[in-house]
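K.L.:
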């Protein structure tokens, strides 16, 4: 890589910091960007900056949105009595792509992981309880991963929701 000018090395290193992108892939992407017309590179740069400036967390579900409330939470045709708890915004997108879920969501932004110092306050547990207490939710679907941490998180949530008059189910994996 030392044969490249500093500006190219900087771009390769920056791209390689993205998850799942190694140095070879970063180099290929850099070469693609450099071969592309200037307008394409500007579009990519502008799209990145626009996303960084506009995207925020939905104040209701904590999903990604350009607005204060995401399209799913703003949709009055969704079943407000059904709440699906997922780990990350990408999990909500996957559920939506399946077309099988018609309720609303609560995104934890992680799972319990005592080894990594992640506790209930770090996964929006308080916000989940508050949402349940102020809503007409009749069923909570736990759609966390089947990892040890995902299962522990689902068990923890189910245990804490046991005193509420609602049904708690675990999504089939």
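Residue numbers (this note's numbering): 27 to 199.
Glycine is no exception: its CB is placed at the ideal position from the N, C-alpha and C atoms.
Output the distance between the C-alpha atoms of residue 87 and residue 131, rounded to the nearest integer angstrom.
P.N.:
So the two alpha carbons sit approximately 6 Å from each other.
K.L.:
Where do the ends of the alpha helix (DSSP H) carrying residue 73 lie?
P.N.:
From DSSP, the alpha helix (DSSP H) with residue 73 extends over 64 to 80.
K.L.:
Using only CA atoms, which one of 91, 187, 101, 96 lies nearest to residue 159?
P.N.:
For the residues 91, 187, 101, 96, the minimum Cα distance to residue 159 belongs to 187.
K.L.:
At what residue ranges does the stretch 96 to 142 contain a whole run of the alpha helix (DSSP H), taking only runs of 4 or more?
P.N.:
If we require 4 residues or more, the alpha helix (DSSP H) runs fully inside the stretch 96 to 142 come out as 97 to 100, 115 to 124.
K.L.:
Which value, in whole angstroms, describes the spacing of the CA atoms of residue 113 and residue 29?
P.N.:
When rounded, the distance between both Cα atoms is 43 Å.
K.L.:
Would residue 129 and residue 108 qualify as a contact pair, given that the criterion is a beta-carbon distance under 7 Å?
P.N.:
Cβ distance < 7 Å, so residue 129 and residue 108 count as in contact.
K.L.:
With DSSP as the reference, please indicate the residues paired to residue 174 in a beta bridge.
P.N.:
Partner(s): none; residue 174 has no beta bridge.
K.L.:
Taking residue 159 as part of the beta strand (DSSP E), name the residues at either end of that continuous run.
P.N.:
Run containing residue 159: none in the beta strand (DSSP E); it sits in the alpha helix (DSSP H), 151 to 160.
K.L.:
Spatial neighbours of residue 178 within its chain, please: C-beta separation below 6 Å, excluding the five flanking residues on both sides.
P.N.:
Correct list, in chain order: 138.
K.L.:
Just the Cα atoms here: how many angstroms apart are residue 124 and residue 31?
P.N.:
One C-alpha to the other measures close to 46 Å.
K.L.:
Along the beta strand (DSSP E) that carries residue 196, what are the first and last residues, could you check?
P.N.:
It spans 193 to 196 - the beta strand (DSSP E) in which residue 196 sits, taken as one unbroken run.
K.L.:
By the DSSP assignment, the alpha helix (DSSP H) with residue 44 in it spans what residues?
P.N.:
From DSSP, residue 44 is part of no alpha helix (DSSP H); its letter is neither H nor E.
K.L.:
If you draw a straight line from the C-alpha of residue 165 to the C-alpha of residue 171, how long is it?
P.N.:
About 19 Å.
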